[in-house]
Amino acid sequence: MKKLNLLLGFIISITLINCSTKEEQDREKEVVFTIYEETGFGGAILSTYLTEPLLFSESDNEKIRNLTNILVEGLVDFNYERGYRYTFKAKKIWMSEPPQDASDIKYILSELLLKEKVITEDKEEEMTLFVASETIKFIPRYRKEYEAEDESAPNIYDALRVKEVGKDSWMALVDIEDFNYKSGWEYEIRVKKVTQAEPYSVKYVLLDIVSKKEKI
Numbered sequence: 013m014k015k016l017n018l019l020l021g022f023i024i025s026i027t028l029i030n031c032s033t034k035e036e037q038d039r040e041k042e043v044v045f046t047i048y049e050e051t052g053f054g055g056a057i058l059s060t061y062l063t064e065p066l067l068f069s070e071s072d073n074e075k076i077r078n079l080t081n082i083l084v085e086g087l088v089d090f091n092y093e094r095g096y097r098y099t100f101k102a103k104k105i106w107m108s109e110p111p112q113d114a115s116d117i118k119y120i121l122s123e124l125l126l127k128e129k130v131i132t133e134d135k136e137e138e139m140t141l142f143v144a145s146e147t148i149k150f151i152p153r154y155r156k157e158y159e160a161e162d163e164s165a166p167n168i169y170d171a172l173r174v175k176e177v178g179k180d181s182w183m184a185l186v187d188i189e190d191f192n193y194k195s196g197w198e199y200e201i202r203v204k205k206v207t208q209a210e211p212y213s214v215k216y217v218l219l220d221i222v223s224k225k226e227k228i
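The sequence shown begins at 13 in the numbering used here and counts up one residue at a time.
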């Protein structure tokens, strides 16, 4: 009887292990994966630099977020253009052994379903920005917007560290037109954000300095 119990226990253990392994391998599903018409601001884990990652969402999680520290297969030949929204058929996979510096979810893009021009008109909007007392290192995705055609242009810029008042997300702005920034001072400013549809570009223009305070 003792041997029989041991044998049954062994068989049950093997069955549970196999089921667990199968469950991990089968943790995948088909989703619709969307890449948005404008880029965001963010950085890699433990990085003190900001860059301009793509923004994405998917049908299983419709929150728009930065495409950073997430593995995505199928983007090698993808020619992204700002102003356009891209919709892909994709496979979402929960990895049983993810890399230490990445999410445990990865995506495999299998088919481009739609490329749609969604920024079709120029627009302007006013907003209030908080400007931090120190600049931040910034690696732009589109260098030519800062140094036209100059291959010797720096890869890294000292950018203004700003965020819209009432929001948590930080941005890196190389320039705000007509704004004379002084390091060591915090500012609250009114600006006009100007978005040009064709070719796509964004600039910020100072309207008014609401307040400024020296950071001690």
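We treat Cβ as the ideally placed atom computed from N, Cα and C, and that holds for glycine.
In this structure, the beta-carbon distance from F150 to Y119 does not fall below 8 Å. I82 sits close to A114, with the two beta carbons spaced by under 8 Å. Nearest to L172 by alpha-carbon distance, out of F53, R39, T46 and E49, is F53.
Three or more pairs of CB atoms, one per stretch, sit closer than 8 Å, so the region 203-221 contacts the region 128-145.
The beta-bridge partner set that DSSP reports for D170 consists of K149. Per DSSP, the continuous beta strand (DSSP E) segment holding K101 begins and ends at Y96 to W106. Rounded to the nearest whole angstrom, the C-alpha separation of F100 and R39 is 20 Å. Ranked by how close their Cα comes to the Cα of S195, the residues K175, A209 and I228 have I228 in first place.
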